[in-house]
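Numbered continuously in our numbering, the sequence shown closes out at residue 244.
From the three backbone atoms N, C-alpha and C, an ideal C-beta is built for every residue, glycine too.
The model shown is predicted, which means the values in this text are computed figures rather than measured ones.
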Amino acid sequence: MTACGANDDQASAHATTGSTQSASASASASRSAGEGSAASSSSASAPTGSSTAPATTEEKAAASDHGGMGSDCTTDALKVALKPSGQEMNSKYFDLTLTNATDGTCALKGYAGLSLTDTHGKRVGAPATRSNNGSVRDVVLKPGQAAHAVVQTPRKEVTDGNCWSKAARIKVYPPNNTAPLTAAAPGSLQVCGDTFTVGPFTAHAL
């Protein structure tokens, strides 16, 4: 009877030990699974640093948000004009403006694509090259406000008359846009010396 009771006690102890080990193993597995899940979640949320990964909608929106100053000004939200702004001994200057024609605020940054055309839309000469007349920075445009860029070409007198044909119109691609705007070219605009430059947009005329 005593031996039988001892065997029962040993069996009970073994069962308790096995149950404890099983519970411990289960808890350990649960912790491992939880840690693995947390690591996986952390890995998924961490930036990969890959430049080839496609941008999400939010990333694209953030990239065009100009730090909360407004979304990109689109071509259909702008009006373009080019007017003479002065001259010096060797150069003539023109003020290229993009005006916000909407009821909302937008922003732009950088350079316009600028070329000249004749009355039939055929390009005259080469597109303008970029100059350093101004600093590249965000320009926030409230309704009716304009951004300005300096357009420059040498005077005819200093190029021995080496000039392009006079243009009838200008074609302008606003920064980060693939659709152009057009407007009449000022009568005094004639590119000479094969030099035709445009600066970055600024908040004020230079």
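| Query | Result |
| --- | --- |
| Please identify the residue among Glu126, His158 and Thr112 whose C-alpha is closest to the C-alpha of Leu146. | Thr112 |
| Determine the direct distance from the alpha carbon of Ile208 to that of Gly151, and round the result to whole angstroms. | 10 angstroms |
| Report yes if the C-beta distance between Phe22 and Leu116 is below 8 angstroms; otherwise report no. | Because residue 22 is not part of the residues shown, which for the chain are 39 to 244, the question remains open. |
| Ends of the beta strand (DSSP E) at Cys144? | Cys144 to Leu146 |
| Checking 8 angstroms against the spacing of the C-beta atoms, do Gly172 and Thr240 come in under that value? | yes |
| Buried or exposed: Asn215, going by 16 or more other Cβ atoms within 10 Å of its Cβ? | buried |
| Evaluate Lys160 with the Cβ neighbour count: other Cβ atoms within 10 Å of its Cβ, from every protein chain shown; 16 or more gives buried, anything less gives exposed. | exposed |
| Would you say Val189 and Leu134 are within 8 angstroms of each other, going by their C-beta atoms? | yes |
| Closer than 7 angstroms by C-beta to Ala205: which residues in its own chain qualify, once you throw out the five before and the five after it? Chain order, please. | Leu154, Thr155, Asp156, Val162, Ala223 and Leu227 |
| Going by alpha carbons, who is nearest to Asp141 out of Tyr149, Val177, Pro181 and Asp114? | Pro181 |
| Does DSSP classify Thr233 as helix, strand or coil? | coil |
| Under a Cβ-count criterion, where at least 16 other Cβ atoms within 10 Å of its own Cβ denotes burial, should Val196 be classed as buried or exposed? | exposed |
| Mind checking whether Val178 and Thr137 have CB atoms under 8 angstroms apart? | no |
| Ala217: buried (16+ other C-beta within 10 angstroms of its C-beta) or exposed? | exposed |
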